[in-house]
Structures are given as structure tokens and as C-alpha cells.
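In terms of UniProt numbering, the sequence shown has 240 at position 240, counting the first letter as 1, and numbering is strictly consecutive.
Report on the structure given below.
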Amino acid sequence: MSSPYRLAVVGTGGIAHLHAEQLRDHCQGRIELVAAVDPDTERLDAFKEKFGVERGYASIEELLAAETLDLVDLCTPPVAHAPGAIAALEAGVGVVCEKPPALSLAEFDRIAAAASASTADFALISQHRFGSGADRVRAMTASGVLGRLAVAKCDTLWYRPEEYFAVEWRGRWETEGGGPTMGHGIHQIDTLLSMVGPWSEVVATAHRHRRITNTEDVSHAIVTLESGASVVITNSLLSPREVSQIRLDFDNATVELDHLYGYGDDNWSVHPIDAAADEVNRAWAGEPRGKSSGHYAQFLRIADALDGKTAPPVTVEDARRTLELLAAIYASAFTGKRVRAGEIDPTSPFYQRMDGSGAPWPDRK
Numbered sequence: 001m002s003s004p005y006r007l008a009v010v011g012t013g014g015i016a017h018l019h020a021e022q023l024r025d026h027c028q029g030r031i032e033l034v035a036a037v038d039p040d041t042e043r044l045d046a047f048k049e050k051f052g053v054e055r056g057y058a059s060i061e062e063l064l065a066a067e068t069l070d071l072v073d074l075c076t077p078p079v080a081h082a083p084g085a086i087a088a089l090e091a092g093v094g095v096v097c098e099k100p101p102a103l104s105l106a107e108f109d110r111i112a113a114a115a116s117a118s119t120a121d122f123a124l125i126s127q128h129r130f131g132s133g134a135d136r137v138r139a140m141t142a143s144g145v146l147g148r149l150a151v152a153k154c155d156t157l158w159y160r161p162e163e164y165f166a167v168e169w170r171g172r173w174e175t176e177g178g179g180p181t182m183g184h185g186i187h188q189i190d191t192l193l194s195m196v197g198p199w200s201e202v203v204a205t206a207h208r209h210r211r212i213t214n215t216e217d218v219s220h221a222i223v224t225l226e227s228g229a230s231v232v233i234t235n236s237l238l239s240p241r242e243v244s245q246i247r248l249d250f251d252n253a254t255v256e257l258d259h260l261y262g263y264g265d266d267n268w269s270v271h272p273i274d275a276a277a278d279e280v281n282r283a284w285a286g287e288p289r290g291k292s293s294g295h296y297a298q299f300l301r302i303a304d305a306l307d308g309k310t311a312p313p314v315t316v317e318d319a320r321r322t323l324e325l326l327a328a329i330y331a332s333a334f335t336g337k338r339v340r341a342g343e344i345d346p347t348s349p350f351y352q353r354m355d356g357s358g359a360p361w362p363d364r365k
């Protein structure tokens with residue numbers, strides 16, 4: 001067996017602890033956590049002690065100068081994603097980046113340019129793509145057993161109290177990039193697109209109903225896919241009964257996913273029409289099965305890609321397609337216009353910032 005791939009975590013807040021736990025519990029022998037980065041010495045030391053990490057650094061620049069690495073895992077606030085990714089790629093080190101990958105399409109395209117010029121690759125964390133339920137839906141869609149998709153919905157209905165936004169970078173366009181559309185619903189939306197294919201246009205609204213933020217706390221979108229199917233998307237941080245849901249209505253069956261922050265096979269259900277019941281149920285009972293969604297599943301796929309010297313999931317192209325839809329949701333919501341794929345180019349204010357020329361409500365200090 002080859003030596004494990006050497007990974008350093010950049011940023012040691014809550015999500016970094018989840019990544020480190022998944023690496024420790026599921027990826028032994030494939031990926032080794034060898035270093036961590038955080039300018040907060042107390043937080044860095046606590047992380048190192050908890051996970052047995054010997055070396056720590058105050059910045060990614062110090063890390064890259066001192067360590068020989070295969071991967072950096074960016075768990076910083078969103079404002080630091082693009083600078084960290086570009087620094088690592090320019091050093092020839094692969095990047096695994098938490099969502100969102102960048103604050104804007106302009107920032108992301110700079111990451112994409114760095115990845116294109118690098119010997120290493122960029123991958124966005126989108127752990128819900130990698131459970132066996134989503135894999136099975138993609139396989140059944142490809143085989144035709146489900147028929148064509150007609151209608152879908154994708155809801156991220158979560159609850160974040162006011163104190164959640166006491167963290168300085170949250171709820172601000174210039175540091176978080178957006179509200180629940182950008183920072184919470186992105187995983188569900190990306191998972192949806194991985195199953196239903198590219199989008200073509202969107203009509204949307206966004207609202208700041210309750211929270212003292214500069215970003216939205218709710219958004220709604222009606223998305224038309226390239227296939228012609230229609231999708232309704234809601235992202236909320238105001239929903240006390242939290243749930244994450246995807247519903248796919250095909251010609252031959254409805255497929256539903258109902259979970260919160262991660263799913264197993266039991267979170268999925270299929271409801272075929274009578275005429276297709278035998279074929280659909282037989283396919284649904286097949287493989288793959290038994291794998292929950294989770295960061296570990298994606299990390300193992302990344303290790304497999306490094307073994308085979310192929311691009312890791314989720315690629316630059318995948319990540320940009322999802323980020324472009326989020327930008328289009330904001331553009332439609334704030335201009336009142338239908339937005340088509342490809343329309344947000346460097347001449348658009350929504351290419352530079354997700355709020356474009358500004359949200360339709362006053363900033364809150």
C-alpha cells in the first residue's frame with residue numbers, strides 16, 4: 001500500500017473539527033492530517049492537542065513554505081477561500097475547499113485560472129453528492145428506469161438564531177458572500193444539480209425578514225433545467241422545524257430525500273406509478289447501498305482520484321456551475337428579471353459581488 005496522502009487543515013473552527021474527525025475515523029491509511037493553520041494560537045493549540053497534530057502555523061504561506069503536502073483543506077471563513085486556494089495551487093498543492101468556494105464568480109474564476117496553471121487540482125466539498133442514495137438515483141436516471149424528470153423541489157429549511165450572526169464574518173456580503181442561498185442551501189442545490197443536470201434559467205426572490213444582517217435570510221427560486229424540467233428552491237434560516245428535502249417527480253416515480261445535515265439509505269423513499277412499480281422497485285433495491293453521505297465519503301473519493309492521477313470530485317467545472325446558479329438567484333431577486341445561464345459575465349455587477357450593485361434593503365451596522 002502506498003503512503004497516505006499528506007493533508008493540512010487551514011482554519012481550525014468548528015467545521016475543521018468535523019473534517020478531522022471524519023479523516024481520523026474513516027480515512028486512516030489513505031489521508032494523514034499532518035499540520036494545521038490558524039492565526040489564533042489558543043484555538044490552534046486546542047485543535048492540535050485534540051487530533052494529535054504536531055505542527056501548527058499562523059498562515060497558509062508559512063505552512064506552504066515549511067511542509068511537503070498533497071492537499072490543503074480550507075476550513076476558513078469564506079472570505080479567505082480564494083486567497084488560500086490560489087496560494088496552494090501556485091505551490092503545486094491540491095485544494096479541498098469548504099463551501100462556498102469564493103465570494104463571487106470573479107473570485108472563483110481566479111481560482112479556476114490558478115488550477116488550470118497548476119500541477120494540482122481544486123475540489124469543492126459537497127459531501128451530499130457521495131451517499132449511495134444519490135449514486136443510485138443517478139444510475140437509475142441514466143438507465144431510464146425512472147423516465148424523464150418533470151418537476152422537482154429542493155428545500156433547505158434551517159433555523160439560525162440572532163446570536164449565530166454575532167460571529168463577525170457572518171451575514172455580510174464582503175465576508176460570507178451571501179445568506180442561506182450561498183452559505184447553507186449550496187450543498188442541497190449542488191447535490192440536486194448532480195442528479196438532474198444543468199440549469200438554463202431562473203426567476204427568484206430574496207428577503208431579509210427577521211435577522212439583523214446585510215444578507216438575505218430567505219430566498220425562493222424557480223429554476224428551469226436544460227432538460228425542460230422545473231425546480232422550486234427555498235433557502236431559509238427562519239424555520240424552527242429544520243429539514244433538508246429534495247423531491248424528484250419523474251414520469252415513472254417520485255423519489256424523495258428527507259434529512260437534515262446528512263443522510264443514509266433510510267432517508268430516501270421511492271413511490272412508483274403502478275405500471276412501472278416492478279421495474280422501479282427492483283432497481284431501487286439494487287446497488288449501490290449502505291453508504292451515508294459525509295465528508296469522509298468525499299475524502300475517500302479524493303484519495304482514489306490521487307491514486308489514479310485523475311481530477312478529484314467535485315471539479316472546478318462542477319463548482320462553478322453551482323456558484324453561477326447562486327449568482328443568478330441573487331441577480332434575479334435584486335433586479336426582478338429572469339436570468340439565463342451564461343448571462344452573468346464580467347460586465348455584470350453580479351459577477352463581482354453576489355449582491356451586485358446592492359441589496360434592496362439598507363445595510364445594518
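All C-beta atoms in this analysis are idealised placements derived from N, C-alpha and C, irrespective of residue type, glycine included.
Alpha carbon to alpha carbon, how far is residue j from residue i? Give it in angstroms, no decimals.
i           : j    : result
S116        : A123 : 13 Å
L306        : C27  : 14 Å
S104        : I86  : 15 Å
H19         : G147 : 37 Å
E216        : D355 : 10 Å
S348        : A341 : 13 Å
G171        : R338 : 26 Å
M195        : V137 : 7 Å
W268        : A152 : 15 Å
residue 367 : W199 : Here the chain covers residues 1 to 365 and nothing more, so residue 367 does not appear.
Give the secondary structure of residue i by DSSP, where H, G and I count as helix, E and B as strand, and everything else as coil.
i    : result
A305 : helix
G147 : coil
A275 : helix
E216 : coil
T191 : helix
R138 : helix
G84  : helix
E54  : coil
I344 : coil
V79  : helix
V95  : strand
D25  : helix
T254 : strand
L323 : helix
S293 : coil
Could you tell me which residues DSSP puts in a beta bridge with residue i?
i    : result
V339 : V202
S244 : T156, H259
I222 : V203, V232
V9   : A36, D73
A122 : As written in the sequence, residue 122 is Phe, which differs from the Ala given in the question. Per DSSP, V95.
I31  : Y5
W268 : L257
For the ligand HEM, is there any heavy atom lying closer than 8 Å to the beta carbon of residue i?
i   : result
G11 : Absence of the ligand HEM is noted for the structure shown, with no ligands found whatsoever.
Can you find at least 3 beta carbon pairs, one from the stretch 197–214 and one from the stretch 326–339, that sit closer than 8 Å?
-> Yes: the two stretches touch, three or more of their Cβ pairs being nearer than 8 Å.
Answer yes if the stretch 124–134 comes into contact with the stretch 210–228, meaning at least three C-beta pairs across the two stretches below 8 Å, and no otherwise.
-> No: fewer than three Cβ pairs fall under 8 Å.
Indicate whether the contact test is met: 3 or more Cβ pairs, each with one atom in the stretch 96–110 and one in the stretch 173–187, closer than 8 Å.
-> Taking 8 Å as the limit for Cβ pairs, the verdict is that the stretch 173–187 does touch the stretch 96–110.
Count the CB pairs spanning the stretch 187–194 and the stretch 159–168 that are closer than 8 Å, and state whether there are at least three.
-> No, the stretch 187–194 is not in contact with the stretch 159–168.
Segment contact, 8 Å Cβ cut-off, at least three pairs: the stretch 62–78 with the stretch 40–54 = Verdict: no, contact absent.
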